[in-house]
């Protein structure tokens, strides 16, 4: 089966790549065939055909700030996320399907942040405490890796560096829907499209270098879910990190490894827009609370 071949390739690739976090873990990024890339509209139907071996859930995250660790409570926060890519358009796609007992993403600060090191070079890409020249710091910050925090209209920036043009078309895009008003219990669903960069220059694309994604190559990527049920009080209910390292927001060596998988022949891409009732996330999520 194709998935078994992918799994074997993942193990081999992990053995020849330098370790990111969690050590020994390589996640698959599903390859979308041409003509099957998701429409970035906040409707997750384009992702329904992708099976669970490609899923990231809250069970894969570690809370690193307030001491919860892996003692997650799915009645408070539950997550399904998928990372994908397309060879022809040279883009990475991310899907977020989150249950939250108090949604504060649009007006508060509960984004899914992700850090992206497209060429898997590692190293620092933010903070720069020893650099005093502001012009130099602006050029360094986000050049070799990018920290995104799409706030969907709330406070703050969509990217934590001076470059802000690259999350807009044609280089980036995001869209969301949610089933409850701010502060209510429900689902927050979002889609993201990103360009990878070998060198991102905040001045613009003409002085930046786009990364060329290749099948079976490894990228560095981390996902962080911030849970803040009471935004007026400050602090977190949880800071949930895929890599398990809080400092992944500026340090490329602390990101997770994702392999850009070949096209999976076991996925029925012809049924892409058809929901499969017995595998809906609503049903799967309901089992977490049992």
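Numbering (this note's numbering), first residue to last: 5 to 294. All residues carry an ideal CB built from backbone N, CA and C; glycine is no exception. Remember, predicted model here, so these are calculated numbers, not experimental data.
Which word fits residue i, buried or exposed, when buried means at least 16 other C-beta atoms lie within 10 angstroms of its C-beta?
| i | result |
| --- | --- |
| residue 222 | buried |
| residue 275 | exposed |
| residue 70 | exposed |
| residue 100 | buried |
| residue 27 | exposed |
| residue 163 | buried |
| residue 68 | buried |
| residue 277 | exposed |
| residue 249 | buried |
| residue 24 | buried |
| residue 49 | exposed |
| residue 136 | exposed |
| residue 265 | buried |
| residue 195 | buried |
| residue 123 | buried |
| residue 204 | buried |
| residue 215 | buried |
| residue 150 | buried |
| residue 187 | exposed |
Which residue's Cα is closest to the Cα of residue i: the options?
| i | options | result |
| --- | --- | --- |
| residue 103 | 144, 84, 277, 48 | 84 |
| residue 206 | 243, 142, 231, 26 | 142 |
| residue 46 | 192, 139, 31, 55 | 192 |
| residue 190 | 81, 263, 48 | 81 |
| residue 240 | 74, 51, 114, 48 | 114 |
| residue 65 | 235, 231, 272 | 231 |
| residue 247 | 236, 154, 259 | 259 |
| residue 86 | 167, 116, 272, 92 | 116 |
| residue 95 | 262, 236, 199, 252 | 199 |
| residue 58 | 36, 73, 77 | 36 |
| residue 98 | 108, 225, 78, 145 | 225 |
| residue 255 | 41, 174, 166, 147 | 147 |
| residue 119 | 216, 128, 272 | 128 |
| residue 245 | 166, 76, 43, 220 | 76 |
| residue 2 | 108, 53, 270, 238 | No answer is possible for residue 2: the residues shown for the chain start at 5 and end at 294. |
| residue 30 | 220, 112, 90, 209 | 220 |
| residue 92 | 140, 267, 154 | 267 |
| residue 44 | 257, 201, 197 | 197 |
| residue 152 | 168, 144, 79 | 168 |
| residue 251 | 269, 227, 233 | 227 |
| residue 238 | 112, 262, 165, 201 | 112 |
| residue 242 | 62, 186, 140, 201 | 62 |
| residue 185 | 39, 52, 106, 73 | 106 |
DSSP on residue i, reduced to helix/strand/coil?
| i | result |
| --- | --- |
| residue 235 | coil |
| residue 260 | strand |
| residue 181 | strand |
| residue 108 | coil |
| residue 254 | coil |
| residue 224 | strand |
| residue 210 | helix |
| residue 275 | helix |
Could you give the first and the last residue of the continuous beta strand (DSSP E) run that contains residue i?
| i | result |
| --- | --- |
| residue 100 | 95-104 |
| residue 199 | 190-199 |
| residue 243 | 242-245 |
| residue 27 | Counting along the chain, residue 27 falls outside any beta strand (DSSP E), and DSSP gives it neither H nor E. |
| residue 89 | 81-90 |
Tell me the start and end of each unbroken alpha helix (DSSP H) in the stretch 111-166 that is at least 4 residues and wholly inside, in chain order.
-> DSSP assignment within the stretch 111-166 yields the following whole alpha helix (DSSP H) runs of 4 residues or more, N-terminal first: 138-144.
Complete runs of the alpha helix (DSSP H) confined to the stretch 34-79 [at least 4 residues] = Qualifying alpha helix (DSSP H) stretches: none in this window.
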